[in-house]
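Participant:
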Amino acid sequence: MAKQLPYRTLQEIFHRFHAAEPEPKGELEHVNAYTLVVAVALSAQATDAGVNKATRALFRIADTPEKMLALGEEGLLEHIKTIGLYRQKAKNVMKTARILVDEYGGEVPSSRAALQSLPGVGRKTANVVLNMWWGHPAQAVDTHIFRVGNRSGIAPGRDVDAVERAIEDNVPAEYQRHAHHWLILHGRYTCVARKPKCAACIIRDLCEYEEKTL
DNA sequence: ATCCCGAGGG
DNA sequence: CCCTCTGGAT
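Take 1 as the starting number for the first sequence in the UniProt record's numbering and just add one per residue.
1) Figure out for me which residue from Ile167, Glu21, Ala54, Gln11 has the closest Cα to the Cα of leucine 28.
2) Quick one: what does DSSP say aspartate 159 is sitting in, helix, strand or coil?
3) With a threshold of 6 Å on Cβ separation, who are the neighbours of valine 148 within its own chain once the five nearest residues in sequence on each side are excluded?
4) Let me know the secondary structure DSSP gives alanine 90 once reduced to three states.
5) For threonine 47, tell me which candidate among His144, Glu66, Ala114, Arg123 has the shortest Cα-Cα distance.
6) Using CA coordinates, which residue listed in Gln45, Ala97, Arg194, Glu103 is at the minimum distance from alanine 70?
7) At 4 residues or longer, what runs of the alpha helix (DSSP H) sit wholly inside the UniProt domain "HhH-GPD" (42–189)?
8) What's the C-alpha gap between leucine 115 and glutamine 139?
9) By Cβ distance below 8 Å, which residues in the same chain neighbour lysine 89 in space, the five residues on each side in sequence not counted?
10) Closest by CA to residue 217, which one among Glu73, Ala200, Val141?
11) Kindly indicate which three-state DSSP category isoleucine 203 falls into: helix, strand or coil?
12) Which residues mark the beginning and the end of the alpha helix (DSSP H) in which glutamine 11 is found?
13) Give the straight-line distance between the Cα atoms of aspartate 169 and methionine 1, rounded to the nearest whole angstrom.
14) Quick check: leucine 76 and methionine 94, are their CB atoms within less than 8 Å of each other?
15) If you draw a straight line from the alpha carbon of aspartate 159 to that of isoleucine 167, how long is it in whole angstroms?
16) Let me know the secondary structure DSSP gives alanine 2 once reduced to three states.
Printed below as a string of C-alpha cells:
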C-alpha cells in the first residue's frame, strides 16, 4: 500500500485528469435508470465491453422491469450466457424486476438503502447508480479504483471501504464528482493490472509506483 | 473465506 | 496456461 499523497499533489493530479478529460463518462451502455442498474449488476467480475455486447440486444427487448418479467429468466439467460457468473446474475435480475414492479411502481429508487435492498445490488453497484444517474458524489470502488488508489497513493486502503473513505476524505472537493470515472479510466487504459503503462501516464512524476517496481 | 463463472489478453 | 474484469451473498 502506497503512502497517502500530500494534498498539494492530489490537487495537481486531479487538475491533470480534468485537463485531459473535462467530462469523463462511463462506458457501460444504458438507455434509462433501469438498464443502468441491470448493466452495472451484470458487470460484476466482467468487462464492460463484454456486458455491452450482451445488453445491446437484451435492452432492445427488455428496457423496463415489466418487459424483463415478460422475457423471463430462460430468455434472459440466453442473452447473458457470455458473461461470467451468469446464472446468479439472471436470478438476481429477475428478482429485482419483480420487486421494482411490485414495490416501486416500476421505477428505480433514489436512496442507497432501497437500492442495496435489491438482490444483486451491493454498495458498489448502488454507488455507481447514485453517481451516474442521480448525480450524487458517491464513490464506488471497483477493482480499478482499488488498484489505482493503492499504487498511486491517491487513496490507500486495505479494503474497498477504506479506499472509499480515503477518496471522500482526500480528493479535493471540486473533483469529487468526476473522480470515479477519472480513476476508472486511468486504471482501465493506463494503470492496468499487469504491465502498467507508466511511460504514457500523465501523473507519472507524481507517483512512486514505477520506481518501486523497477 | 468461499462460491459463482465466461471472455479476452499475455 | 494463468490473470483479470466497474461484486454480491452466504
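The beta carbon of each residue, even a glycine, is placed where N, CA and C say it ideally should be.
Facilitator: In brief:
1) Within the first sequence, numbered from 1, the residue matching residue 28 stands at position 28. Considering only alpha carbons, the answer is Ala54.
2) If you number the first sequence from 1, residue 159 lands on position 159. In this structure, aspartate 159 counts as coil in the three-state DSSP scheme.
3) Here residue 148 corresponds to residue number 148 of the first sequence, with the count starting at 1. Leu183, His186, Gly187, Cys191, listed in sequence order.
4) Against the first sequence, residue 90 aligns to sequence position 90. In the structure shown, alanine 90 sits in a helix (DSSP, three-state: H, G or I).
5) Residue mapping note: residue 47 aligns to position 47 of the first sequence, counting from 1. Threonine 47 has its Cα closest to that of His144, out of His144, Glu66, Ala114, Arg123.
6) Residue numbering aside, residue 70 sits at position 70 when the first sequence is read from its first letter. Ranked by Cα distance from alanine 70, the first of Gln45, Ala97, Arg194, Glu103 is Ala97.
7) 48–61, 65–80, 86–103, 112–116, 123–132, 143–152, 160–170, 176–189
8) Here residue 115 corresponds to residue number 115 of the first sequence, with the count starting at 1. Here residue 139 corresponds to residue number 139 of the first sequence, with the count starting at 1. Each residue's Cα considered, the two are about 15 Å apart.
9) Position 89 of the first sequence, counted from the first residue, corresponds to residue 89. If we look at lysine 89 and ignore the five residues flanking it on each side, its Cβ neighbours are Ala41, Leu42, Ala44, Ile80, Ile83, Gly120.
10) Residue 217 falls outside the range modelled here, since the chain spans only 1 to 214, and no answer is possible.
11) Residue mapping note: residue 203 aligns to position 203 of the first sequence, counting from 1. In the structure shown, isoleucine 203 sits in coil (DSSP, three-state: anything other than H, G, I, E or B).
12) Taking the first residue of the first sequence as 1, we reach residue 11 at position 11. That run of the alpha helix (DSSP H) goes 7–20.
13) The residue labelled residue 169 in the question sits at position 169 within the first sequence. The residue labelled residue 1 in the question sits at position 1 within the first sequence. Going by the C-alpha atoms only, they are around 17 Å apart.
14) Mapped onto the first sequence, residue 76 falls at position 76. Mapped onto the first sequence, residue 94 falls at position 94. In this structure, methionine 94 lies closer than 8 Å to leucine 76 by Cβ.
15) Locating residue 159 in the first sequence gives position 159, where the first residue counts as 1. Locating residue 167 in the first sequence gives position 167, where the first residue counts as 1. The alpha-carbon atoms of aspartate 159 and isoleucine 167 are separated by roughly 13 Å.
16) If you number the first sequence from 1, residue 2 lands on position 2. The answer is coil: DSSP assigns alanine 2 none of H, G, I, E or B.
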